[in-house]
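Asker: For the sequence shown, position 133 matches number 1035 in my numbering, and the numbering has no gaps at all.
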Amino acid sequence: MSGIIGSAGSKSGVIGTTELDYEEGTWTPVLNFNGGTTGIVTSTAKGKYTKIGRVVHCEVQVHITDNGSSTGSASISGLPFTVANDMNSWEPACLNVANFRIASNVSFLGGWADNNSTWLQLRMIAGTQNTVAAYPDQDDLGDTFYISGSITYHV
């Protein structure tokens, strides 16, 4: 590898004869329910990203104190780059969740970024045999909700 990549911002480097694009920045995540944000009160909404070539790694933190009146499946929009449509499936996401009001039989909360989108779809697994997959909604989140996590995807 040749070249040095130093401080934040857009850079490029060379590995062999291949030039790599490098960029760091911030983005604003928006929690929504089926795209709606009516009445949602957000106390924290921040994200940062690193893009190296076609690979983007994003960190996200959202804290709401009122989930408003919009209804439907919860998602986080505003990813800094559109997810590539080269996997024929969803890109994986790893999330760390706190203050999530859910049924006691929910065993997993995670999510993914859809192809050709800039949003992160939340997903939970519940049921007595942990086999029922569902999209959490405004009732599952409650009025005080905090989520932090990261996702890596291709552009």
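Quick reminder that beta carbons are idealized off the backbone N, C-alpha and C, glycines included.
Just how far apart, CA to CA, sit Gly941 and Thr952?
Answerer: Numbered from its first residue, the sequence shown carries residue 941 at position 39. Numbered from its first residue, the sequence shown carries residue 952 at position 50. Whole-angstrom Cα-Cα distance: 31 angstroms.
Asker: List, from N- to C-terminal side, the beta strand (DSSP E) runs of 3 residues or more that fit wholly inside the segment 927-1001.
Answerer: Qualifying beta strand (DSSP E) stretches, in chain order: 932-935, 942-954, 957-969, 976-979 and 993-1000.
Asker: For Arg1025, count the other beta carbons within 10 Å of its own beta carbon; 16 or more makes it buried, fewer makes it exposed. Which is it?
Answerer: Within the sequence shown, the letter at position 123 stands for residue 1025. Its Cβ being crowded by 16 or more others within 10 Å, Arg1025 is buried.
Asker: Give me the Cβ distance between Thr1020 and Thr967, rounded to the nearest whole Å; I'm assuming they're in contact under 8 angstroms.
Answerer: Position 118 of the sequence shown, counted from the start, is the residue given in the question as residue 1020. Position 65 of the sequence shown, counted from the start, is the residue given in the question as residue 967. Thr1020 to Thr967, Cβ: 25 angstroms. No contact.
Asker: My output table needs one value for Asp1042: the three-state DSSP class, helix, strand or coil.
Answerer: Sequence index remark: in the sequence shown, residue 1042 carries index 140 (1-based). Reduced to three states, the DSSP call for Asp1042 is helix.
Asker: Is Ser1050 helix, strand or coil when you go by DSSP?
Answerer: Residue 1050 sits at position 148 when you count from the first residue of the sequence shown. Reduced to three states, the DSSP call for Ser1050 is strand.
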